[in-house]
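Numbering (this note's numbering), first residue to last: 1 to 75.
Structure first, then comments.
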Amino acid sequence: MYKSQLVQFLLALFFGPLGLFYSSTAAALFWIILAIVIGFVTLGLGFVGIWLLSIVTGFFTVSGYNQRMKAIIAR
């Protein structure tokens, strides 16, 4: 079953790194930990960048997942 780019975009847009759990647990945990560290160091200002990067990451993780599914189905 394929995952939707639109659903991933909306989840990441509204929930930031938490929205990445739809496409990749590892990516979600990485960005959440990084958001905590960067947010603490920059007094919360760096969290905006992390939020935007999580949207981009979501696009690539869903794309990679869908490519893997196509390869499995093509067998």
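Think of the CB as a built atom: it goes at the ideal place given N, C-alpha and C, for glycine as much as any other residue.
Just measuring C-alpha positions, the residue of L6, M69, G16 and L11 sitting nearest F47 is G16. Across the structure, A12 and R75 are spaced so that their CA atoms are roughly 32 Å apart. Fully enclosed alpha helix (DSSP H) runs of no fewer than 4 residues occupy 5–15 and 25–41 of the region 2–60, in order along the chain. DSSP places R75 in the coil class of the three-state scheme, outside both helix and strand. Counting every other CB atom within 10 Å of its CB across the protein chains shown gives V62 a total of 16 or more, marking it as buried. If you draw a 10 Å sphere on the C-beta of T57, you find 16 or more other C-beta atoms in it, and that means buried.
Exclusion of the five residues before and after A35 leaves P17, F47 and I50 as the residues of its chain whose Cβ lies within less than 6 Å of its Cβ.
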